[in-house]
C-alpha cells in the first residue's frame, strides 16, 4: 500500500511534466516557411564557391584548384544578394566596390521552376541543394573542352 502511494506521487508529476512539455512545443504552432519565404527573408552573402572537378584557377599549370571563392577579390566577397517576393532582386556591391565607377547595385529577375528545385536568374538555372533560414546552397553544371564541371555556391545570412 505504501509503495503504491509513493509510486503515484512520483508518476503523477512526471506524467504532468511530459504532457505539458510536449504540448507547449513552439515549433508545432508555427507553420513551416515556404521556399520563397526563406529565399526572400534577407540579404545573402556568398561564403563558398567551389568547382568539381578541380581546374587550374591559379595559373600554375596544375588542375588542382577547386576553391573558386579563394580567387575572389575582397571587394567581391562582401557583395550581397537580395530576393523579393515579386520575382525581382538586387546584387549590392557591399561595403567595398572593386571599381568606384561601378553602380552600387545590379537588378535581376528570378523565378522557381521544376517544383521549386531550380532557381533561375541571370540567365542560369541553379539546382537547389539546400535552403534554410540561414543557408542557401545551389549548383550549376556546364561542359568545356569535353569535360563537365559542377560549380556549387553557398550563401549565408
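In mature numbering (1 follows the signal peptide of the UniProt record, and there is no 0), the protein residues as written are -25 to -1, 1 to 132. Yeah, the Cβ is synthetic: ideal placement off N, Cα and C, and Gly gets one too.
CB contact check: residue i to chain E, cutoff 8 Å
i	result
residue 25	No chain E appears in this structure, which consists of one protein chain only.
Counted within 10 angstroms of its Cβ, other Cβ atoms place residue i as buried (16 or more) or exposed
i	result
residue 121	exposed
residue 135	Residue 135 lies beyond the range of the chain shown here (-25 to 132); nothing can be said about it.
residue 88	exposed
residue 127	buried
residue 97	exposed
residue 37	exposed
Residues bridged to residue i [DSSP beta-bridge criterion]
i	result
residue 66	56 and 81
residue 131	20 and 110
residue 124	117
residue 40	30
residue 88	93
residue 25	42 and 127
residue 12	For residue 12, which the question treats as bridged, DSSP gives no partner whatsoever.
residue 102	93 and 114
Where the alpha helix (DSSP H) containing residue i begins and where it ends
i	result
residue 112	Element bounds for residue 112: not the alpha helix (DSSP H) but the beta strand (DSSP E), 110 to 119.
residue 5	Note, residue 5: premise wrong, no alpha helix (DSSP H); not H, not E.
Proximity of residue i and residue j at Cβ, strictly below 8 Å
i	j	result
residue 40	residue 31	yes
residue 62	residue 84	yes
residue 13	residue 94	no
residue 92	residue 102	yes
residue 35	residue 73	no
residue 114	residue 124	no
residue 16	residue 108	yes
residue 43	residue 25	yes
residue 11	residue 46	no
Continuous beta strand (DSSP E) stretch holding residue i: start and end
i	result
residue 97	That residue, residue 97, is in no beta strand (DSSP E); it is neither H nor E in DSSP.
Practice task
For the stretch 14 to 22 and the stretch 45 to 60, state whether three or more C-beta atom pairs, one from each stretch, are separated by less than 8 Å.
Solution key: yes
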